[in-house]
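Undergrad:
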């Protein structure tokens, strides 16, 4: 005989559904959707080929032909920013997905099993914490070469502890709730209870953290590209564009460096505002 | 250890110190192993890096192997390397043909001045903004601080560097665009813009933590009692709030210093400074592994050692907390 159990309802979508008033939140959501659309439809939207050089038109300021001017090789800055949205957004996306998935697995395992599993995993997480993300990425690039793959994997490992620790602490708290015991008493297996009943209730808080991580991952990956260790030229990428624009800055035409820098700041601010508001909402509801 | 003598500290403290020390050494040991072993994970053997594309005779290769100890088993090499590291010997740089420790020592002053100057800016501005925000919580000045700080947190240091150079150096001609300068005054002048670029993100971190921990303390009873006794608000804030709010800020200082050291790689590259950060980037570029290994180890060591010191120092600013409670 089965008894209906009142599971606290904090659905994954429920967290987002009841956002009401904040205009700032919705502005940021709109900005982010805008950037995603630009990234998806860059070939249609961009006025020029991002890699087409035009040396007779190098380092020109903003004009009607080139709204954001051109860089040292005469490439259109606006088109490069639009195409740059692709690499600049896809990298952090992979980092967030990988670190969230594996972080939840590690955190759930440590928190649910406890004992020596918890002890060993927590110790490993402590050691990982000692490596700042950028440092780990630099080391991994030294080992496996420049490009996108090595930094993204390294950054996923570096962000994993944040997700894992949060998941672990939420699972440790949630484990003692009566509804968990009720499922166990009814004969539901531990794996079922942990993954299908407990996890959905902690996932919204974890996802709020992951949203914030997206912004930080974007900053770290852009920094790596700026250092010449990430995305390689001529592929347009915001971090790499800032680096390539340094010469232009010194010769008084800073637009080709400043435009991608502004794009980074706008996207990161938007992600931080969205992530924090989601987190605040969840915290307020659970009180 | 003096802490467990004379029955001043309860035995728990001593146990805690010993455990933390063991944890610290374990972290450093694992890190050193990872850093050393990383060279062997790479596609291609270390000898390929040493000869770098040239094709010397088998006798030369054997000589090089012997010189770098590559003819010995892996674990022997590790222990040998670790023993050297403990004596401050990180091997020789492949690129610069000098001892890694000499090389790092020559680059350290620039990075040290940069990180120190940034730390001063971060503490003054971050604490100031956090305190202002907390004391005027909910009012427009608090909101302004929050907005500015959220904005700061999203500015990557290299973008800040470009904007600062573009405006203050190129447009206004107020600051140099390159180099670290000679002598203390000139160095301060050269490092002002880099330090600002390095600070922005961390100002946000410190301001947020200061604000929230001060708000937490401000709402406690002892503050109300102190105010109701007629003490000046200024005194109460200084003596009863700030002191209690200091903990969380101290807790992140390890993270802060490690973060500054790593981010200085970006800022030093942007401003053409010859510190350890730009050395790290150049060494990764040139596959100069002994230097990369030494620098990674140094940053991680700085992080765990500062965290250890903070855990020990915590009871000093908050005597109610015995060492051991602080970390949990």
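Protein chains in written order, with this note's numbering: chain A, 148 to 434; chain B, 11 to 338. Idealized CB from N, CA, C, for every residue including glycine. Quick caveat, the model's predicted, so the values are computed rather than measured.
1) Using DSSP's beta-bridge definition, name the partner residues of residue 223 of chain A.
2) If I measure Cβ to Cβ from residue 109 of chain B and keep anything under 7 Å in the same chain, skipping five residues before and after, which residues do I get?
3) Helix, strand or coil for residue 146 of chain B per DSSP?
4) Between residue 120 of chain B and chain A, is the shortest Cβ-Cβ distance under 7 Å, so that the two count as touching?
5) Touching or not, the stretch 247-256 of chain B and the stretch 272-291 of chain B, by the rule of three or more beta carbon pairs under 8 Å?
6) Any contact of the stretch 349-360 of chain A with the stretch 233-247 of chain A, i.e. 3+ C-beta pairs under 8 Å?
7) Which residue comes first and which comes last in the alpha helix (DSSP H) that contains residue 77 of chain B?
8) For residue 427 of chain A, tell me which candidate among A:383, A:414, A:352 and A:382 has the shortest Cα-Cα distance.
9) From the beta carbon of residue 281 of chain A, is the nearest beta carbon of chain B less than 7 Å away?
10) Counting only beta-carbon atoms, is residue 139 of chain B nearer than 7 Å to chain A?
11) For the stretch 274-285 of chain A and the stretch 341-350 of chain A, state whether three or more C-beta atom pairs, one from each stretch, are separated by less than 8 Å.
12) To the nearest angstrom, how far is the alpha carbon of residue 324 of chain B from that of residue 26 of chain B?
13) If you draw a straight line from the C-alpha of residue 98 of chain B to the C-alpha of residue 86 of chain B, how long is it?
14) Along the chain, where does the alpha helix (DSSP H) that runs through residue 360 of chain A open and close?
15) In the DSSP assignment, find the alpha helix (DSSP H) that holds residue 299 of chain B and state where it starts and stops.
16) Going along chain B in order, which residues have a C-beta closer than 9 Å to the C-beta of residue 369 of chain A?
17) So, do the stretch 213-227 of chain B and the stretch 152-171 of chain B have three or more beta carbon pairs nearer to each other than 8 Å?
18) Would you grab the beta carbon distance between residue 144 of chain B and residue 225 of chain B for me? Rounded to a whole angstrom, and I think it's under 8 Å.
19) What's the gap between the Cα of residue 185 of chain A and the Cα of residue 396 of chain A?
20) Tell me which same chain residues have a C-beta within less than 8 Å of the C-beta of residue 366 of chain A, skipping the five on either side of it?
21) At the 7 Å Cβ level, is residue 401 of chain A part of the contact set with chain B, yes or no?
22) Would you check if the distance between the CB atom of residue 195 of chain A and the CB atom of residue 220 of chain A is smaller than 7 Å?
23) Could you have a look at residue 204 of chain A and say whether DSSP puts it in helix, strand or coil?
24) Mind checking if residue 268 of chain B is an interface residue toward chain A, Cβ cutoff 7 Å exclusive?
25) Measuring only between beta-carbons, confirm whether residue 46 of chain B sits less than 7 Å from chain A.
26) So does residue 336 of chain A have its beta carbon nearer than 6 Å to some heavy atom of the ligand NAD?
27) How many Å lie between residue 150 of chain A and residue 333 of chain A at the Cα?
28) Can you grab the Cα-Cα spacing for the pair residue 356 of chain A / residue 430 of chain A, in whole Å?
29) Quick check: is the beta carbon of residue 279 of chain B nearer than 7 Å to any beta carbon in chain A?
30) If residue 128 of chain B sits next to residue 208 of chain B, beta carbons under 8 Å apart, how far is it from one beta carbon to the other, in whole angstroms?
31) First and last residue of the alpha helix (DSSP H) that includes residue 322 of chain A?
32) Under 7 Å, Cβ to Cβ, is there at least one residue of chain A near residue 71 of chain B?
33) Please state the DSSP three-state secondary structure of residue 419 of chain A.
34) Just checking: is the beta-carbon of residue 164 of chain A within a distance shorter than 7 Å of some beta-carbon in chain B?
35) Taking one C-beta from the stretch 300-307 of chain A and one from the stretch 244-257 of chain A each time, how about it: are there three or more such pairs within less than 8 Å?
36) Output, in chain order, the set of chain D residues within a Cβ distance shorter than 8 Å of residue 375 of chain A.
TA: Based on what the coordinates show:
1) Locating residue 223 of chain A in the first chain gives position 76, counting from the first residue. Paired residues: A:217.
2) For the purposes of this step, residue 109 of chain B is taken as the residue at position 99 of the second chain. Counting only Cβ-Cβ distances below 7 Å, and skipping sequence neighbours, we find 102.
3) Position 136 of the second chain, counted from the first residue, corresponds to residue 146 of chain B. Coil at residue 146 of chain B, not helix or strand.
4) Counted from its first residue, the second chain places residue 120 of chain B at position 110. Chain A contact via Cβ: absent.
5) no
6) yes
7) By 1-based counting over the second chain, the position of residue 77 of chain B is 67. Run containing residue 77 of chain B: 68-77, per the alpha helix (DSSP H) assignment.
8) Here residue 427 of chain A corresponds to residue number 280 of the first chain, with the count starting at 1. Measuring from the Cα of residue 427 of chain A, the nearest candidate turns out to be A:352.
9) By one-based count along the first chain, residue 281 of chain A stands at place 134. Taking Cβ atoms only, chain B reaches closer than 7 Å to residue 281 of chain A, which makes this a yes.
10) Here the question's residue 139 of chain B lines up with position 129 in the second chain. It does not; no Cβ of chain A falls within 7 Å.
11) no
12) Walking along the second chain from the start, residue 324 of chain B turns up at place 314. Walking along the second chain from the start, residue 26 of chain B turns up at place 16. Approximately 13 Å between the Cα atoms of the pair.
13) Here residue 98 of chain B is taken as the residue at index 88 of the second chain, counted from 1. Here residue 86 of chain B is taken as the residue at index 76 of the second chain, counted from 1. The straight-line gap from Cα to Cα measures roughly 18 Å.
14) To locate residue 360 of chain A, count along the first chain from 1; it is residue 213. Segment 346-373, the alpha helix (DSSP H) holding residue 360 of chain A.
15) Locating residue 299 of chain B in the second chain gives position 289, where the first residue counts as 1. Counting along the chain, the alpha helix (DSSP H) containing residue 299 of chain B begins and ends at 299-327.
16) Locating residue 369 of chain A in the first chain gives position 222, where the first residue counts as 1. Going along chain B in sequence order, the residues near residue 369 of chain A (Cβ under 9 Å) are 166, 168 and 169.
17) yes
18) For the purposes of this step, residue 144 of chain B is taken as the residue at position 134 of the second chain. For the purposes of this step, residue 225 of chain B is taken as the residue at position 215 of the second chain. Contact flag correct, Cβ pair sits at about 5 Å.
19) Walking along the first chain from the start, residue 185 of chain A turns up at place 38. Walking along the first chain from the start, residue 396 of chain A turns up at place 249. Approximately 26 Å, taken between the alpha carbons.
20) As a first step, residue 366 of chain A must be located in the first chain, where it is residue number 219. For residue 366 of chain A, where only same-chain residues beyond five positions count, the Cβ hits under 8 Å are 411 and 415.
21) On the first chain, residue 401 of chain A is found 254 positions in, with the first residue counted as 1. Yes - at least one Cβ of chain B is within 7 Å of the one on residue 401 of chain A.
22) Counted from its first residue, the first chain places residue 195 of chain A at position 48. Counted from its first residue, the first chain places residue 220 of chain A at position 73. Result no, Cβ atoms of residue 195 of chain A and residue 220 of chain A do not sit closer than 7 Å.
23) Taking the first residue of the first chain as 1, we reach residue 204 of chain A at position 57. In this structure, residue 204 of chain A counts as helix in the three-state DSSP scheme.
24) Within the second chain, numbered from 1, the residue matching residue 268 of chain B stands at position 258. Closer than 7 Å to some Cβ of chain A, the Cβ of residue 268 of chain B qualifies, so yes.
25) Residue mapping note: residue 46 of chain B aligns to position 36 of the second chain, counting from 1. No, its Cβ sits nowhere closer than 7 Å to a Cβ of chain A.
26) Ligands displayed in this structure: none; no statement on the ligand NAD is therefore possible.
27) Counting from 1 along the first chain, the entry for residue 150 of chain A is found at position 3. Counting from 1 along the first chain, the entry for residue 333 of chain A is found at position 186. Model confidence at residue 150 of chain A stands at a pLDDT of 46, short of 50, so the residue's coordinates are unreliable and nothing is read from them.
28) By one-based count along the first chain, residue 356 of chain A stands at place 209. By one-based count along the first chain, residue 430 of chain A stands at place 283. Cα-Cα distance, rounded: 12 Å.
29) To locate residue 279 of chain B, count along the second chain from 1; it is residue 269. Cβ-Cβ to chain A under 7 Å: yes for residue 279 of chain B.
30) On the second chain, residue 128 of chain B is found 118 positions in, with the first residue counted as 1. On the second chain, residue 208 of chain B is found 198 positions in, with the first residue counted as 1. Indeed, because the Cβ distance is near 4 Å, the residues count as touching under 8 Å.
31) As a first step, residue 322 of chain A is located in the first chain; it is residue number 175 there, counting from the start. Its alpha helix (DSSP H) spans residues 296-322.
32) Counting from one through the second chain, the residue named residue 71 of chain B turns up at place 61. Cβ-Cβ to chain A under 7 Å: no for residue 71 of chain B.
33) Indexing the first chain from 1 puts residue 419 of chain A at position 272. Helix.
34) Start at 1 with the first residue of the first chain, and residue 164 of chain A comes out as number 17. Caution applies to residue 164 of chain A, whose pLDDT of 42 falls short of 50 and renders its modelled position unreliable; the value that the coordinates give is listed next. By this cut-off, residue 164 of chain A is not an interface position.
35) yes
36) Chain labels in this structure do not include chain D; the protein chains are A and B.
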